[in-house]
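Since the structure comes first, as structure tokens, the remarks are kept for the end.
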Amino acid sequence: MRIEVRPGRVRDLPAILEIYNHYVERSPATFEVSPVHPSDRTGWVQEHTAGGRYRLWVAVEREGEGLVGWATTSPFRPRAAYATTVESSVYCRAGREGQGIGFRLYSALLASVQDEDIERVVAAITLPNPASVRLHRRFGFRRAGTLHRVGRKFDRFWDVAYYERPLRPPEPQVPAA
Ligand SMILES: CC(C)(COP(=O)(O)OP(=O)(O)OC[C@H]1O[C@@H](n2cnc3c(N)ncnc32)[C@H](O)[C@@H]1OP(=O)(O)O)[C@@H](O)C(=O)NCCC(=O)NCCS
């Protein structure tokens, strides 16, 4: 099936949240614990569709399940000096993992912000999540550290690994002859 990756639009929000709420209800990948309604995210989707540092990309399968994944850059922390750091996130529709959708979304997302005033991209990964770790490593993210037992969901505590990369990773060095 052909999958198109394009910038997200306000009207994609219900499908984005359908994908996300699966993980809200069944997975520690997000620490949100209650399903999110489109009316809760109106400001969020506007912030992510106006250009600038915060972007939203979606993967759409025209003949199949419609929206099959999405990825964002978002504010890392609210204090002003953190503005040059963004946090990236990516979610595939349940059952559509491992098909290259995350890779395509991250390729488009990171390319789209290359000219923005961003120094660092950070990703927070609840452990274990081998697919997410592999995807981030593939894009040059390196583990900065792990926070232990910082979230409680499904009656247990979870560790979160922080991954980081410069917006523009250095070119691989060619060893001197
Ligand atoms: C994490 C996620 C976004 C990755 O996207 P994806 O489309 O499944 O990943 P891709 O098919 O593009 O593969 C990316 C890399 O991960 C690897 N990978 C995919 N699934 C894997 C798995 N279950 N275990 C180990 N590696 C895996 C692929 O081999 C590939 O690595 P390579 O390029 O070195 O070969 C997706 O699995 C997902 O939505 N998971 C549930 C939600 C989630 O955890 N989101 C991330 C929150 S931090």
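In our numbering, the protein residues as written are 97 to 273.
Glycine residues also receive a C-beta, built at the ideal position from the N, C-alpha and C atoms.
Note that the coordinates shown come from a computational prediction; the quantities given were computed from them, not determined experimentally.
By the 10 Å Cβ neighbour count, where 16 or more other Cβ atoms means buried, how is residue i classified, buried or exposed?
| i | result |
| --- | --- |
| alanine 146 | exposed |
Do the CB positions of residue i and residue j come within less than 9 angstroms of each other?
| i | j | result |
| --- | --- | --- |
| tyrosine 119 | alanine 111 | no |
| leucine 152 | proline 226 | no |
| glycine 165 | isoleucine 221 | no |
| valine 209 | arginine 137 | no |
| arginine 122 | leucine 163 | no |
| tyrosine 259 | arginine 233 | yes |
| aspartate 108 | valine 154 | yes |
Can you pull the DSSP bridge partners for residue i?
| i | result |
| --- | --- |
| leucine 163 | Val156 |
| glutamate 100 | Val156 |
| glycine 247 | Trp254 |
| proline 171 | Val182 |
| threonine 242 | Ala257 |
What residue range is occupied by the uninterrupted beta strand (DSSP E) comprising residue i?
| i | result |
| --- | --- |
| glutamate 183 | 181 to 188 |
| glutamate 260 | 252 to 262 |
| valine 217 | 216 to 222 |
For the alpha helix (DSSP H) that contains residue i, what are its first and last residues?
| i | result |
| --- | --- |
| alanine 204 | 197 to 208 |
| arginine 234 | 226 to 234 |
| glycine 139 | 138 to 143 |
Only counting the same chain, and skipping five residues up and downstream in sequence, which positions put a Cβ closer than 8 angstroms to that of residue i?
| i | result |
| --- | --- |
| tyrosine 44 | As shown, the chain starts at 97 and ends at 273. That puts residue 44 outside it, with no answer to give. |
Starting from the C-beta of residue i, find all residues in its chain whose C-beta is less than 6 angstroms away, skip the five residues before and the five after it, and write them out in chain order.
| i | result |
| --- | --- |
| glutamate 143 | Tyr150 |
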